[in-house]
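What follows is a set of notes on a single structure, which appears directly below.
Residue numbers (mature numbering (1 follows the signal peptide of the UniProt record, and there is no 0)): -19 to -1, 1 to 226.
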């Protein structure tokens, strides 16, 4: 049994080390960006927010909007089409495009790398930071020159640690650390929570009644330590480190 649990812990650690993110980067008072690199799926996800009624752009991997890199452009008014002479084969795919309270949130996705020499490459191991150049017009279309622009460098960090954030966008676990109760909220039904010690020993299992979207786990009976919570429904499992203090 100990050998099986030890193997499980190795899988847990390796899996968590294969995703990294810039976190939410504030470009200016109206624009944010977040990049997430996922090694298992070989995908990069870009989430950009900005005003719904203004032209905006974001260049990736370059210190100037006039040099090579990758680019996102949004406009609320289109008067003409521009054909690119050397467009790369790998283009961003729009995952979602939503508007709320005057803000637009666009989620885009593409592969990390490909064989196209004209395309911008984002190798997982080689990409630890990225240059970002942003521009925001005062109107629905771009104006030249546009004084409202700037640049920054975002650093990628591994998505691993004890923190009070959403895990894989499906599970929210809080408070963390905790000395009494840990609350769990999910977007899919949760059937069971299994708690392991850092050494891989089974501590206890909590059955969730009616496969609900919310659960509460009492940790007052646990010694102060770092634990691994295995969250499970009928088809999926995810893991989270929880500090009991």
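Glycine residues also receive a C-beta, built at the ideal position from the N, C-alpha and C atoms. These numbers were taken from a predicted model, which means no experiment stands behind them.
Q) Should residue 78 go down as buried or exposed, given a rule of 16 or more other Cβ atoms within 10 Å for buried? A) Exposed.
Q.
By alpha-carbon positions, which one of 226, 211 and 180 ends up nearest to residue 202?
A. Among 226, 211 and 180, the Cα nearest to that of residue 202 is on 226.
Q.
Measuring only the C-alpha atoms, how far is residue 144 from residue 157?
A. Caution is warranted here: a pLDDT of 43 is assigned to residue 144, below 50, making its placement in the model unreliable, and the coordinate value is therefore given only provisionally. Computed Cα separation, rounded: 6 Å.
Q) How would you call residue 76, buried or exposed, if buried means at least 16 neighbouring beta carbons within 10 angstroms? A) Classification of residue 76: exposed, given that the 10 Å Cβ count is below 16.
Q) Roughly how many angstroms separate the alpha carbons of residue 212 and residue 92, rounded to a whole number? A) Going from the Cα of residue 212 to the Cα of residue 92 covers about 29 Å.
Q: Leaving out five residues on either side along the sequence, give the residues of the same chain with a beta carbon under 6 Å from the beta carbon of residue 129.
A: 117
Q: Less than 8 Å between the CB atoms is what I'm expecting for residue 174 and residue 189, so what's the real figure, rounded?
A: 7 Å
Q: Enumerate, from N- to C-terminal direction, the unbroken alpha helix (DSSP H) stretches of 4 or more residues contained entirely within the region 81 to 116.
A: none
**Q.** Cα-Cα separation, residue 107 to residue 87
**A.** 26 Å
(Q) If you reduce the DSSP assignment to three classes, tell me which class residue 199 lands in. (A) strand
Q: Specify the secondary structure class of residue 191 as computed by DSSP and reduced to three states.
A: helix
Q.
Could you give the first and the last residue of the continuous beta strand (DSSP E) run that contains residue 135?
A. 130 to 136
Q: Just the C-alpha distance for residue -11 and residue 180, rounded to the nearest angstrom, thanks.
A: With a pLDDT of 45 at residue -11, under the threshold of 50, the predicted position of this residue should be treated as unreliable, though the coordinate-derived value follows. Looking at the two C-alpha atoms, the distance is approximately 9 Å.
Q) The beta strand (DSSP E) spanning residue 32 covers which residue range? A) 24 to 32
Q.
My output table needs one value for residue 223: the three-state DSSP class, helix, strand or coil.
A. strand
Q.
Is there a C-beta anywhere in chain B that falls below 8 Å from the one on residue 198?
A. Here chain B cannot be found, since the structure has a single protein chain.
Q | Residues sharing a beta bridge with residue 78, DSSP | A | 87
Q. Skipping 5 residues on each side, what residues in its chain have a beta carbon closer than 8 Å to that of residue 169?
A. 151, 194, 214 and 217
Q) Thinking just about the alpha-carbon of each residue, which of 31, 97 and 109 is nearest to the one in residue 80? A) 31
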